[in-house]
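The structure under discussion appears below in the form of structure tokens.
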């Protein structure tokens, strides 16, 4: 359970840092979610592996290659515009933490 929490916290930190670092160049990194998903699949073999609701207008999606060689974190607004906010190598999958009161 601690490992899953550690992975979640690292992913959260990367997402937050990426959002601040990429703010100025964000316009050049945005396109339709459909187009970005296709490019990431064709060029890197990445497919969606998870995500979540950030606000009522924005979701974050994580894509990774099946072998974990690469990953991309994408922010998608309700208009379907997706912006890459972080990318890297060496993805290590985690698992969702157990519900409170249940053993890990």
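In the UniProt record's numbering, the protein residues as written are 1 to 104. Note that CB positions come from ideal geometry on N, CA and C, so glycine has one too. Since the structure is predicted, the reported quantities are computational estimates derived from the model, not experimental observations.
- In this structure, residue 82 sits away from residue 73, with a CB-CB distance that is not shorter than 8 Å.
- Taking every protein chain shown into account, the CB of residue 71 has 16 or more other CB atoms within 10 angstroms, so this residue is buried.
- Within the model, the alpha-carbon separation for residue 98 versus residue 35 is close to 35 Å.
- At the C-beta level, residue 40 and residue 49 stay beyond 8 Å of one another.
- Assignment of residue 41 by DSSP, reduced to helix, strand and coil, places it in the helix class.
- Contact annotation: residue 60 and residue 46 have beta-carbon atoms that are not nearer than 8 Å.
- With a minimum length of 3 residues, the unbroken runs of beta strand (DSSP E) contained wholly in the region 39-85 fall at 47-55, 58-64 and 70-77.
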